[in-house]
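S.K.: One structure coming up, written as structure tokens, with questions to follow.
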DNA sequence: ATCGTTTATCGGCGATAGGCGATGATGTTG
DNA sequence: CAACATCATCGCCTATCGCCGATAAACGAT
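Residue numbers (UniProt numbering), protein chains in the order written: chain L, 1 to 117; chain S, 1 to 117.
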């Protein structure tokens, strides 16, 4: 929603992990994102959001997909938000989430394996 | 999608997160790996190992790079091992670690963003 | 066999994370 | 306005995490 605090530095780094030692500051930011992905519920939430039709998913559609309470889902969404993986947008009664695709792409690139090692 | 079918998977699936909702079992395995990456020290350890000359790194070279004790580094390496991200190999006095590149590639693929959404 | 070196495991401690119910903030509708 | 619905935040509890010192296990050298 109107969470004015978003990732100020979206593109933190992209050097593949296997090509050079990641600096400490970059490691902190990357670890924050990977930690957010390190939970089955959040992983499914992100996949539901990213694969949703139109690229957006309403919380009202996400919550009933789990055997968890509303506050818990809201908490997980907050973690994903603060990790810069999703963005939210309140439209009327409902809140819609969409994936931050550049962020995901950057994480994917970090894990990418160089063709020749 | 292209006709690139990967025959040998290390553990689990590889369907990009943004194309379909990830099943619960796959989410558990993926979350385990991402959780292992969700720590700055482990992220740097993996990058040091993966980018090391010859693709291998000795614990004796890893430990002094951090302001942490031996047991703590050993613990982090164990987490990476149990997540399937690295493999270890004792050769004489020292233990050498190398990255599990297929595993990393599979995680990278999961976060990959489809060209057209 | 005994020592020194390297790495892993064990036990414990403080900090963090995931879960819930209760409450609050926001928006729609009657 | 009041009543309702949706979603977020708060407080609390338990479980897990990250860290250390102490100890054990594996190996080479003496």
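For every residue, glycine included, the Cβ atom is placed at its ideal position computed from N, Cα and C.
Per DSSP, which residues does residue 56(L) bridge with? Please list them.
M.R.: Answer by DSSP bridge pairing, in chain order: 98(L).
S.K.: Would you verify that the beta carbon of residue 98(L) is, or is not, closer than 8 Å to some beta carbon of chain S?
M.R.: Taking Cβ atoms only, chain S never reaches closer than 8 Å to residue 98(L), which makes this a no.
S.K.: If distances are taken between C-alpha atoms only, which option among 33(L), 22(L), 17(L), 69(L) comes closest to residue 100(L)?
M.R.: It is 33(L).
S.K.: By a C-beta neighbour count over all protein chains shown, 10 Å radius and 16 as the cutoff for buried, is residue 8(S) buried or exposed?
M.R.: The predicted model places residue 8(S) with a pLDDT of 40, which falls under 50 and marks its position as unreliable; any figure quoted below should be read in that light. Exposed.
S.K.: So, is residue 35(L) buried or exposed, given that buried needs 16 or more other C-beta atoms within 10 angstroms?
M.R.: By the neighbour-count rule (16 or more Cβ atoms within 10 Å), residue 35(L) is buried.
S.K.: Examine chain L for any beta-carbon lying closer than 8 Å to the beta-carbon of residue 84(S), and answer yes or no.
M.R.: Judged by the 8 Å Cβ criterion, residue 84(S) is not in contact with chain L.
S.K.: Chain S beta carbons: is any one of them nearer than 8 Å to that of residue 46(L)?
M.R.: Yes, because at least one Cβ of chain S sits closer than 8 Å to the Cβ of residue 46(L).
S.K.: In whole angstroms, what is the alpha-carbon distance linking residue 76(S) and residue 97(L)?
M.R.: Distance between the alpha carbons of residue 76(S) and residue 97(L) is about 34 Å.
S.K.: Counting contacts by CB-CB distance shorter than 8 Å, is residue 101(S) in contact with chain L?
M.R.: So yes, residue 101(S) belongs to the interface.
S.K.: For residue 14(S), collect the residues of the same chain with a Cβ closer than 7 Å to its Cβ; drop the 5 residues on either side in sequence, then sort them by chain order.
M.R.: Once the five neighbours on either side are set aside, the close Cβ partners of residue 14(S) are 6, 106, 109, 110.
S.K.: Could you say if the stretch 20-31 of chain L and the stretch 34-53 of chain S meet the contact criterion of at least three C-beta pairs nearer than 8 Å?
M.R.: Enough Cβ pairs lie closer than 8 Å, so yes.
S.K.: Please confirm whether residue 118(L) and residue 65(S) have their CB atoms less than 8 Å apart.
M.R.: Nothing about residue 118(L) can be read from this structure; chain L reaches only from 1 to 117.
S.K.: Looking at chain L, is there any beta carbon in it that lies within less than 8 Å of the beta carbon of residue 57(S)?
M.R.: Output row for residue 57(S): interface = no.
S.K.: Measure the alpha-carbon distance for residue 51(S) versus residue 113(L) and round it to whole angstroms.
M.R.: Spanning the two alpha carbons is a distance of roughly 10 Å.
S.K.: If you drop the 5 nearest sequence neighbours on each side, which residues of the same chain put their C-beta closer than 7 Å to that of residue 17(L)?
M.R.: Around residue 17(L): 110, 111.
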